[in-house]
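Protein chains in written order, with our numbering: chain A, 8 to 348; chain B, 931 to 1213; chain C, 2 to 330.
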Amino acid sequence: MRLLKAFAVLSALLAVAAMAIAEGAPVLLNAAGATFPFPIYSKWFDQYHQLHPGVQINYQSIGSGGGIRQLLDKTVDFGASDGPMSDDQLKQASVPILHFPTVLGAALPSYNLPGVKEELNFTPEALAGIFLGKVTKWNDPALSSANPGVKLPGDDIVVVHRSDGSGTTYIWTDYLSKVSSEWQQKVGKATSVNWPVGLGGKGNEGVSALIQQTPDSIGYIELIYAVQNHLPYGKVKNSSSVFVKADLASVSAAAAAAAKFMPDDFRVSITNPEGKAAYPIASFTWLLIPSKFSDAGKRDVVKDFLKWMMTDGQQFCEPLAYAKLPKDVVTKEMKAISQIQ
Amino acid sequence: MSLRLIWRKSLNAVMLSLTGLCALITVSALFFILGYLVWNGGKDLSWNFFTRLPAPVGEVGGGMANAILGSMKLLLLAALFGVPVGLLGGVYLAEFGGRTVPFLVRYTADLLNGAPSIVIGIFAYTIVVIPMHHFSTVAGGFALGIMVIPTVIRNTESFLRGVPSSLREGSFALGANRWRMIATVVVPAASRGILTGVLLALARVAGETAPLLFTAFGNRFWSPGWMQPTASLPVVIYTYATGPYEDWHEQAWAAGLVLLGLVLVTNIVVRAFLSRGISFERT
Amino acid sequence: MATAPNAAAPAALDWSPRALLRRIRGGDEIAHLITLLAAASLLLITALLVYQLWIHSAEARQKFGWGFFVTSKWDPVAGDFGALTFIYGTLVTSVVALLLAVPLGVGAAIFLAELAPPKLSSYLTFVSDLLAAVPSVIYGLLGVFLLVPLMRTEIQPALKKGLGFLPFFQGPAYGIGFLTAGIVLAVMVVPFVLSVSREVLLAVPRDQREAALALGATKWESTWRVVVPAARIGIFGSVFLALARALGETMAVTMVIGNNPKIAASLFSPGYSIAAVLANEFSEATGNLYLSALIELGLVLFLLTFILNGLARLLILVTTSRGSGVLPT
């Protein structure tokens, strides 16, 4: 009985402690979605919390598919995705959902070839062939022709893709659908597809980990994941037949054309764009914000955060290898914030 | 000695040593696991680990303070949901029941016990998270509580049945009615055994990850109160272990050591406690 | 002298209002009711669980019918779903786990029940029970960082060299895949096989062994030809129990199986299990049909473990009650 009493007292103490910790955070927001921008989002929400200690925005990186689903189920306050919501999905929402671009990023082919020190070049045909399962060996002509002078091993290619619903997958398959009609027919573009071959990793994190641990592997991940984990990645041939490496300049170049013709709802694809310096597999990533908030406190925080994100927040982008939003887009977004009620 | 006898005797020696080898392999697995975790995780246990919140992705120096507190809160809720129901249910099975209802309850308890924990997590999602429009500690505690009930019911019944009838009869002889007898004589007599069952059940759910994925979800900050999503040790271990960052891996090992340590210590203390102090054998 | 705990119940109940009030104030009826409600709530929760799974899987069940179980397509884009790849993955990893765990567990149980002195036997069983208490995610942790590299660099190549003519050991060695998941599962279910087998072996009456030894059998012969067959039904029960546990294992499996819905003969191939796909895709299934298909998978898994656990309990009960009267846990 004494033990039970002790247990009861301990529980009561814990409960009090738990309540006490509650004192510090009057406005709590929960968000979930894309893993693509997780590094910058976690930095932003951490920074914003330091600037406004009374606000906590808890972002869980579960993949763009998850962000959209949880937003539609209304279990989170807002979502995030690098694949814009389709018209069907928008219809399912009870209030209209607004897309707000946050940063620009790139999906790139990262690989693990211990014996190869040079940077590889990938043609669209090679990438489509690899992910369709038709190009199976590293020394296949599709790869060796683009990489003269590089000694590619005769090993089997280990393909790595996403096992969860992913905006990065959307970007990648969007690009492949544009450059390969076979891919368009057989697989298509979506956040979750029927992959012909490969291992599945959860999130950009999981794919990076698999590439890191599996020799002869190749997968698609966001730029910062390759940089932070020192994973080699290749150049991709763009629509002007130039092999371009993903970086701030090439990603910004990809967005340059789109910035001028940005649709009002901000849903746009910038894969395989025009421009000699443009990186072909770049994309905006969006926060999915409901246009009506029942809680005024939350609404004000969201609006304030968006304004901060588009101005002061952008200084954190480049150190994390994300390209800033073009000025025209920022101007348009600032106007769109007023749509949140 | 005939050839056949030599064959039989050598076969005897060989097979019996093989079984000994099997036992050795099985047992050494535990020591290997523990040793590996101590070696790999021990070096990353730091003050930071226990007191700080997670750092932004890619930065080092973060910790798991919120996950540790989150797990404790979830366990508390699991106990609050599961223990009273399990206790009272066990009392019913041992003291009041007839034939059919207790049989059904026992059967269902065993079946629910063996059910995959991810299915229970899905159930808690549909019942708690969706109507509430919120991931929450409460939902996670509910899922874990469901897992606690079957073990506690069966264990309580078992120990209550083990109380000798002489105690019950003595109580009746002194004029107590049924519930008074149960509450003041039988349950206290079996209380140690019941408590051990409760602690073992809690130790088991402390390590459960799958039911928390869709209920408690996750939180990079402190989770105030009970209605917000919360980080928990097992889920953070899973997230960090499957990620690419070296810092995350180190933290995952350290957290694994903490979790395993708590679970094993609870189990050892409870089981050793059980075999030493309990005077009523489970028959 | 009555000895049953129910001895104090009155012979006939008096339902007159005054007697009724007295009884209620006495508290027994209320206590009975409260505890009955508590016990019944367990039934309610389980029924509710099955009901929820049934209702939310309705869309997939109506669309695909029985064909769901024989289709290997899993195409979220086209909205075409089938359970075959996951059932295959779940079964293959479980079978591999059993092939490894049953000989090991039964062998160890034989040692503990027949050979080891009682103190050593209970100490080692204690250690085995602790192994059963290790959380799944810890096994996953060790699997990812310890077992997978080992498989990729040492074990799979060795198997390929020695047994590569078999279709099971062909194909590239990723490190993750069916075989690795099976091995991790084996370690997780060995304690169940061990503890239940040991109990049923101990339940075989002593005179059986003594009769065999008296006839001149060696210890091994008495064990293998007399005791084990007598306990064989219970050992089957332990196998079913282990199988039920292996089927539902989520975390350790999803961390090492490769998460690719494919059916392949090779054990080196990555695959998917029902529990793993639920963990990965449930929180993000966009579209009601997708979600409904996943829940149908969950329902299938639940029913499978339901049936297996029921069978296991039955077999163990039959063996041990026939024996010395040791009740199952």
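Idealized CB from N, CA, C, for every residue including glycine.
query: Ordered along the chain, which non-local residues of its own chain (more than five positions away) have a Cβ less than 8 Å from that of Ala997 of chain B?; result: Ala1161, Ser1162, Leu1163, Val1165, Val1166 and Ala1185
query: Apply the 10 Å Cβ neighbour rule to Asn289 of chain C and answer buried if 16 or more other Cβ atoms are within range, or exposed otherwise.; result: exposed
query: How is His1179 of chain B classed by DSSP in three states: helix, strand or coil?; result: helix
query: Just reading off the beta strand (DSSP E) that Lys252 of chain A is part of, what are its end residues?; result: Lys252 of chain A -> no beta strand (DSSP E), and no H or E assigned at all.
query: What is the DSSP secondary structure of Glu282 of chain C, reduced to helix, strand or coil?; result: helix
query: Residues of chain A with a CB under 7 Å from the CB of Pro1174 of chain B: which are they?; result: Glu212, Ser215, Ala216, Gln219, Tyr232 and Asn236
query: Could you check the C-alpha separation between Leu3 of chain A and Asp76 of chain C for me, to the nearest Å?; result: Residue 3 of chain A lies beyond the residue range present for chain A, which begins at 8 and ends at 348; the question has no answer from this structure.
query: Take Lys220 of chain C and list the residues in its own chain whose beta-carbon comes closer than 8 Å to its own, dropping the five residues that flank it on each side.; result: Glu115, Leu116 and Leu214
query: Show which residues of chain A have a CB atom less than 7 Å away from the CB atom of Val1059 of chain B.; result: Thr82
query: Using the Cα positions of Gly235 of chain C and Val1082 of chain B, report the straight-line distance between them to the nearest angstrom.; result: 25 Å
query: Would Arg199 of chain C pass as a contact of Val228 of chain C if the rule is Cβ separation under 8 Å?; result: no
query: Give, in chain order, every residue of the region 1062-1073 of chain B whose Cβ lies closer than 8 Å to some Cβ of chain C.; result: none
query: For Thr91 of chain C and Tyr273 of chain C, what's the separation of their Cα atoms in angstroms?; result: 7 Å
query: Beta carbon of Asn245 of chain A, beta carbon of Tyr286 of chain A: below 8 Å?; result: yes
query: Given a cut-off of 8 Å, decide if Arg1084 of chain B and Ala1039 of chain B are closer than it, judged by their beta-carbon atoms.; result: yes
query: Do Phe85 of chain A and Leu294 of chain A have their C-beta atoms closer together than 8 Å?; result: yes
query: Give a yes or no on whether 8 Å exceeds the smallest Cβ distance from Ile46 of chain C to chain B.; result: yes
query: Which residues in the same chain as Ala32 of chain C place their Cβ atom closer than 6 Å to its Cβ, once the five residues preceding and following it in sequence are excluded?; result: none
query: Mapping the DSSP letters down to three states, classify Gly31 of chain A as helix, strand or coil.; result: Note that Gly31 of chain A has pLDDT 47, beneath the 50 cutoff, so the model's placement of it is unreliable and the number below is only indicative. Coil.
query: What residues are listed by DSSP as bridge partners for Gly86 of chain A?; result: A:Ala39 and A:Leu295
query: From A:Val110, A:Ser187, A:Ser68 and A:Asp80, pick the residue whose C-alpha is nearest to that of Gln322 of chain A; which is it?; result: A:Val110
query: Which residue from A:Val249, A:Gly73 and A:Val166 puts its Cα closest to that of Val142 of chain A?; result: A:Val166
query: Excluding five sequence neighbours on each side, which residues of the same chain lie with their C-beta closer than 6 Å to the C-beta of Pro986 of chain B?; result: none
query: Asp302 of chain A: buried (16+ other C-beta within 10 angstroms of its C-beta) or exposed?; result: exposed
query: Taking a cut of 9 Å between CB atoms, which residues from the region 197-220 of chain C lie near chain B?; result: Ala218, Thr219 and Lys220
query: Count the other C-beta atoms from every protein chain shown that fall within 10 angstroms of the C-beta of Tyr175 of chain C, then say buried if there are 16 or more, exposed otherwise.; result: buried
query: Could you check whether Leu248 of chain C and Leu195 of chain C sit closer than 8 Å to each other, using their CB atoms as the reference points?; result: no
query: What do you get for Tyr52 of chain C, buried or exposed, if any count of 16 or more other CB atoms within 10 angstroms of its CB means buried?; result: exposed
query: Using the beta-carbon of each residue, which ones in chain C are nearer than 7 Å to Trp1109 of chain B?; result: Gly28, Asp29 and Ala32
query: Is any beta-carbon of chain B found at less than 8 Å from that of Val149 of chain C?; result: no
query: With distances taken Cα to Cα, identify the nearest neighbour of Ala284 of chain A among A:Gly207, A:Ala13 and A:Ser247.; result: A:Ser247
query: Which residues in the same chain as Trp55 of chain C place their Cβ atom closer than 8 Å to its Cβ, once the five residues preceding and following it in sequence are excluded?; result: Leu300
query: Closest Cβ-Cβ distance between Asp335 of chain A and chain B: below 8 Å?; result: no
query: I want to see whether chain B comes within less than 8 Å of Gly249 of chain C, judged by CB atoms only; does it?; result: yes
query: At 8 Å on the CB atoms, spell out the chain B contacts of Phe45 of chain A, in chain order.; result: Val987
query: For Gly72 of chain A, collect the residues of the same chain with a Cβ closer than 7 Å to its Cβ; drop the 5 residues on either side in sequence, then sort them by chain order.; result: Asp171, Gly172, Ser173, Thr198 and Ser199
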